[in-house]
Structures are given as structure tokens and as C-alpha cells.
């Protein structure tokens with residue numbers, strides 16, 4: 555189901571990774587003409603310099619002309635961020651990863667999965683190293699489960715907003731005839747879906763592979779700016 559992007563939430567903790575996520579969120583907000591919300595979670599044990607964070611966001615707002623709605627929370631990062639997302643009805647959540655400070659312990663391992671799996675909206679994780687990377691092309695892996703196709707609508711929306719192409723990667727660790735049949739159908743459905751929305755696309759199907767490794771190798775091969783998982 556395709557839904558308009560009207561509210562974007564960025565998790566921010568003043569780390570380098572969070573700053574990259576903020577700038578990406580600003581770009582997405584402009585392209586979708588959406589409200590931009592920022593949530594800062596203060597830990598229960600460590601006091602943060604909230605005034606400096608607020609000043610930084612006000613300066614960014616003034617520099618870009620984008621209004622930023624600030625939300626200040628206290629508690630566990632992943633719980634407060636997902637709760638804020640639900641309360642404001644966010645349509646997209648962005649969070650920085652791979653930094654050396656801030657939320658990093660929360661965004662590695664199982665907690666990142668908990669945030670993505672409990673969120674009511676799409677979650678975009680933004681590596682610190684992607685500062686100069688644009689969301690094109692988009693790599694969209696599809697496996698043999700029906701659930702993997704649920705991202706078609708949002709992928710098409712992002713592709714159109716960024717004028718991006720989409721590379722459809724249908725893949726499975728299995729090679730049996732039934733799996734190959736399902737993936738052939740899913741590939742054709744995805745092709746027809748993007749074609750009907752005038753989204754540039756390409757596709758390939760591979761079997762009997764390590765799924766995670768193949769996704770990463772393909773992302774590098776096509777120089778993907780975003781992986782739609």
C-alpha cells in the first residue's frame with residue numbers, strides 16, 4: 555500500500571552520524587514537502603547538553619529555511635524513538651549508524667532490528683560514510699517470501715522523488731523448481747509495478763547463493779545509494 559510522506563522523523567544525538575542523517579532527512583523533507591521532526595533522547599544516567607543541540611538545530615533551520623519540530627525525551631533510545639514515531643504519526647524514520655559516539659551502541663546488533671521491526675513506518679538507516687551519497691540507484695532485493703514485496707510502494711515513491719532507478723534483485727539460497735517459479739513471478743510483478751509508475755528499473759535473478767553476501771556484492775556492483783530491505 556502506497557502512502558503519502560507527510561511527516562519525517564530523524565533521531566538525533568549530535569554525533570557525526572546523526573548529523574548526516576539529519577541532512578538526509580532535510581533533503582527527503584524538501585522532496586516530499588513533508589514536516590520535519592527531530593527526536594533527541596537523553597539517557598537516564600548521563601546528562602546531555604540539550605541547549606547546544608537545540609541551538610544547532612535552530613541554526614540548521616535558519617540556514618535551510620526548513621522548520622524543525624523538536625522532541626526531547628528521556629529513557630532508552632530505541633523505546634523513546636519508536637514511541638515518538640507512533641505519537642506523531644511519522645511516515646518515515648531516519649537514524650544515523652556507524653559513528654563512534656551517540657546512539658552507536660543502540661544501533662548495532664539486535665536493537666537496530668528491534669527499532670525497524672517495531673516501527674509503524676519505514677526506517678532508513680544512514681551510515682556516517684554516506685554523507686555525499688545520493689539515493690540512486692536503489693537496490694531492491696526480493697526473496698521467495700510474499701512479505702519481501704511489501705516495500706514496492708515505498709521504493710517507487712523514493713525513486714520518483716529522487717529521480718532514481720531501481721535494480722530488482724530476486725534471489726534465494728535455494729535452487730528448487732518451486733522457488734525458481736515463485737521468483738520468476740515476483741520479478742515480473744515488480745517489473746510491471748515500476749513500469750506502470752514510470753520508474754526506471756533493471757532486474758536479475760540468482761539462485762543457490764548466500765543472500766546477505768550477494769546483496770552486498772550487488773550493491774557494490776551497481777553502486778547503489780540505497781538498499782530497500
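Residue numbers (our numbering): 555 to 783. Using N, Cα and C, we set each Cβ at its ideal position, and we do this for glycine too.
C-alpha gap between residue i and residue j, whole angstroms
{"i": "residue 722", "j": "residue 609", "result": "42 Å"}
{"i": "residue 655", "j": "residue 569", "result": "Residue placement at residue 655 cannot be trusted, given a pLDDT of 48 that sits under 50; what the coordinates show is reported in the next sentence. Cα-Cα distance, rounded: 6 Å."}
{"i": "residue 766", "j": "residue 730", "result": "19 Å"}
{"i": "residue 735", "j": "residue 726", "result": "12 Å"}
{"i": "residue 584", "j": "residue 650", "result": "19 Å"}
{"i": "residue 633", "j": "residue 669", "result": "8 Å"}
{"i": "residue 693", "j": "residue 775", "result": "10 Å"}
{"i": "residue 698", "j": "residue 750", "result": "23 Å"}
{"i": "residue 648", "j": "residue 675", "result": "10 Å"}
{"i": "residue 785", "j": "residue 743", "result": "Limits of the chain in this structure are 555 at one end and 783 at the other, which puts residue 785 out of reach."}
{"i": "residue 712", "j": "residue 629", "result": "32 Å"}
{"i": "residue 616", "j": "residue 565", "result": "20 Å"}
{"i": "residue 778", "j": "residue 618", "result": "27 Å"}
{"i": "residue 672", "j": "residue 590", "result": "21 Å"}
{"i": "residue 653", "j": "residue 571", "result": "Any reading at residue 653 must be qualified, since the residue scores a pLDDT of 47, below 50, and its modelled position is unreliable; no value is offered."}
{"i": "residue 582", "j": "residue 720", "result": "17 Å"}
{"i": "residue 781", "j": "residue 613", "result": "31 Å"}
{"i": "residue 715", "j": "residue 771", "result": "26 Å"}
{"i": "residue 567", "j": "residue 638", "result": "15 Å"}
{"i": "residue 605", "j": "residue 627", "result": "14 Å"}
{"i": "residue 732", "j": "residue 700", "result": "14 Å"}
Contact under 7 Å by Cβ, residue i with residue j
{"i": "residue 624", "j": "residue 574", "result": "no"}
{"i": "residue 710", "j": "residue 760", "result": "no"}
{"i": "residue 578", "j": "residue 680", "result": "yes"}
{"i": "residue 559", "j": "residue 588", "result": "yes"}
{"i": "residue 690", "j": "residue 718", "result": "yes"}
{"i": "residue 595", "j": "residue 631", "result": "yes"}
{"i": "residue 741", "j": "residue 756", "result": "no"}
{"i": "residue 769", "j": "residue 695", "result": "yes"}
{"i": "residue 620", "j": "residue 580", "result": "yes"}
Three-state secondary structure assigned by DSSP to residue i
{"i": "residue 691", "result": "coil"}
{"i": "residue 621", "result": "coil"}
{"i": "residue 663", "result": "Below a pLDDT of 50, predicted positions are generally treated as unreliable, and residue 663, at 41, falls in that range; the measurement from the model is reported next regardless. Coil, per DSSP."}
{"i": "residue 679", "result": "strand"}
{"i": "residue 597", "result": "coil"}
{"i": "residue 753", "result": "coil"}
{"i": "residue 646", "result": "strand"}
{"i": "residue 768", "result": "helix"}
{"i": "residue 685", "result": "coil"}
{"i": "residue 578", "result": "helix"}
Integer Cβ distance of residue i from residue j, believed to fall under 8 Å
{"i": "residue 724", "j": "residue 737", "result": "4 Å"}
{"i": "residue 642", "j": "residue 576", "result": "17 Å between Cβ atoms; not a contact."}
{"i": "residue 678", "j": "residue 646", "result": "7 Å"}
Taking only runs that begin and end inside the region 714 to 746, name each unbroken beta strand (DSSP E) of 3 or more residues, in chain order. 720 to 726
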